[in-house]
Ligand code: HAM
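Numbering (our numbering), first residue to last: 38 to 452.
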């Protein structure tokens, strides 16, 4: 088979150096920020029962009806690649009793959605997300939003904005949906066909439609907030006031509804001007999911790593800035030196010094060329004479200077 047949699938990519340096930076700094807020990592499986997702995310959502990668295993079980991280997290939280009731967990890893690939939309993409389990409390929502902003600044991203809204309580949902339908019904015939279907199955999603025909119809429709109870509006106000007291300004966007059914109360997105049409870097909110006899409440968000990287790159941050420090390179002249240098390399590595060497006895010029290509900072050269004298010639590649040292001096120089 031609090697081109083995390319990654459409919408999925290898992530390799130098790009991967930026990925590693995001992951490392996220771990630091999460630890400061006392969140701990939980790694849930990538493959789960399809029912977990249909039940948690909602069986009429786009993600569930159109985008999941589904398969049957040999036992005929219906399984899906996870399209997001909250469903698995909630399953994990519900699996424990006491210790997970107030779980503060985070995750990072691949998610899968079989969408039409385009800029900012991949079929295998990656999220860094977190979930804080616990009863609804506007202070908890504000804490998670504050954490998210802290994370964005740890990553060095400037110019991101948070758009915030509330979609109220589950018990109000029926009244809200009815209120929306009543307001839209007189102009129902003006809606395109797919929107007419949405009117029945998921009328909330009409509010954030980008279709001008839909936008024209919903222009005069009351916002979700107007249809909600005072209690829900107060909840949102407390989130906003708490954020203000933390000196965080957010924008209320009453058209924001999010595409997953588990949300209650607060929902938000982080957007960035450096991205195209897919400008959401992150989505989050408070949710409630029924798992068996338990109701799991929580609040969380997930950042799209690919989009985060695009946003960072649009502000001039590049992967090269996070490339590993140049290593020490060891050059051997002759068989005896090659053998001895293996031992030297082993010793240096055990002491935490990153180093490499040529494992064949090539000409010095070829070895030096390789050291240069690898960006080595120091080159240690040893041949028969140095072996005899117990010395090492060390070349500083930046300055072009060279000196002959004994082992203790060499170690001093390198550590
Ligand atoms: P979501 O809005 O579906 O929310 O996804 C979160 C983020 O993942 C998006 O803002 C985007 O950056 C990224 N993303 C989603 N789909 C794609 C794609 N096809 N290609 C590239 N990036 C993508 C959730 O997944 C919720 N589980 C978030 C959450 C956690 N809510 C509460 N806790």
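Virtual Cβ for every residue (Gly too), placed ideally from N, Cα, C.
- Taking all protein chains shown into account, residue 225 has fewer than 16 neighbouring C-beta atoms within 10 Å of its C-beta and is therefore exposed.
- Per the DSSP secondary-structure output, residue 202 pairs in a beta bridge with 304.
- If you look at residue 120, you'll find it isn't in any alpha helix (DSSP H); DSSP assigns it neither H nor E.
- Straight-line measurement puts the Cα of residue 50 at about 14 Å from the Cα of residue 151.
- Residue 159 has its CB nearer than 8 Å to a heavy atom of ligand 1.
- If you check the C-beta of residue 324 against ligand 1, you find a heavy atom less than 8 Å away.
- In this structure, residue 148 has its CB closer than 8 Å to one or more heavy atoms of ligand 1.
- The beta carbon of residue 132 sits closer than 7 Å to no other beta carbon from its chain once the five residues preceding and following it are set aside.
- The closest CA to that of residue 429, considering only 374, 403 and 400, is found on 374.
- Of 42, 106 and 56, the smallest CA-CA separation from residue 350 is found for 56.
- At a cut-off of 8 Å, the beta-carbon of residue 295 counts as near ligand 1: some heavy atom of the ligand is closer than that.
- Under the Cβ criterion (8 Å, minimum of three pairs), the region 322-334 counts as touching the region 286-300.
- Excluding five sequence positions before and after residue 393, the CB atoms of its chain that fall closer than 6 Å to its own CB belong to 364 and 366, given in chain order.
- With a cut-off of 8 Å, the C-beta of residue 340 is classified as near ligand 1, since at least one heavy atom of the ligand falls inside that distance.
- Residue 120 counts as buried, since no fewer than 16 other beta carbons sit within 10 angstroms of its beta carbon.
- With fewer than 16 other beta carbons inside 10 angstroms of its own, residue 247 counts as exposed.
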